[in-house]
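To start, the structure itself, in structure tokens.
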Amino acid sequence: MSSQQSTQTMKPATAAKKLGVYLPATPAEFQEGVVSRAELNELQANPPEWLRELRENGPHPRPVVAAKLGVSIAGLARGGVTEPLTTEQIEALKQEQPEWLGKERATQAEVRKETARIKKVHQEKQEKDAERG
Numbered sequence: 028m029s030s031q032q033s034t035q036t037m038k039p040a041t042a043a044k045k046l047g048v049y050l051p052a053t054p055a056e057f058q059e060g061v062v063s064r065a066e067l068n069e070l071q072a073n074p075p076e077w078l079r080e081l082r083e084n085g086p087h088p089r090p091v092v093a094a095k096l097g098v099s100i101a102g103l104a105r106g107g108v109t110e111p112l113t114t115e116q117i118e119a120l121k122q123e124q125p126e127w128l129g130k131e132r133a134t135q136a137e138v139r140k141e142t143a144r145i146k147k148v149h150q151e152k153q154e155k156d157a158e159r160g
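Start counting the sequence shown at 28; every next residue gets the next number (this note's numbering).
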């Protein structure tokens with residue numbers, strides 16, 4: 028009995044998420060089909076013009092917008108940003124420095140600092156436990 032190797036496929040929404048692009052901005056043939064793992068790998072290795080353009084100029088999905096602004100996705104929502112933004116819009120926000128963006132960046136910096144502190148404490152505990160071991 029031989030096992031059949033099935034091709035792993037994913038929905039376009041999943042592939043768009045993995046590629047870091049906003050699905051409604053992708054070409055119709057991408058949105059309407061399924062994407063195999065091999066096709067996804069090929070898109071990542073050799074992005075076609077439409078993918079390069081989307082990654083460079085947007086519109087970008089919320090996780091990408093949040094990362095480019097240095098805030099969390101929840102911080103975007105608190106700031107009233109609920110729609111995808113283009114690179115140009117993101118740069119304009121950075122230039123304007125609205126009050127909410129400053130607050131959210133500070134919050135994000137505190138979260139990162141606390142996460143690093145907890146990780147360090149955890150690591151030190153593991154090292155002490157290993158020494159006792």
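Virtual Cβ for every residue (Gly too), placed ideally from N, Cα, C.
In this text, all values refer to a predicted model and were calculated from it rather than measured experimentally.
Exposed or buried, A93, counting other C-beta atoms within 10 Å across all chains shown (16 or more means buried)? buried
Proximity to A42 [Cα-Cα], best of A55, P54, V61: V61
Other residues of its chain near L120: CB distance less than 7 Å, five sequence neighbours each side excluded: L96, L128
Evaluate contact between the stretch 96-106 and the stretch 55-69, counting only Cβ atoms and requiring at least three cross-stretch pairs below 8 Å. no
Ignore the nearest five residues each way along the sequence and tell me which others in Q35's own chain have a CB closer than 6 Å to its CB. R64
Are the CB atoms of P88 and P74 nearer to each other than 8 Å? no
With burial defined as no fewer than 16 other Cβ atoms inside 10 Å of the residue's Cβ, what is the status of A52: buried or exposed? buried
Can the beta-carbon of K45 be found closer than 8 Å to that of L67? yes
For P90 and I100, believed in contact at Cβ under 8 Å, the rounded distance: 6 Å
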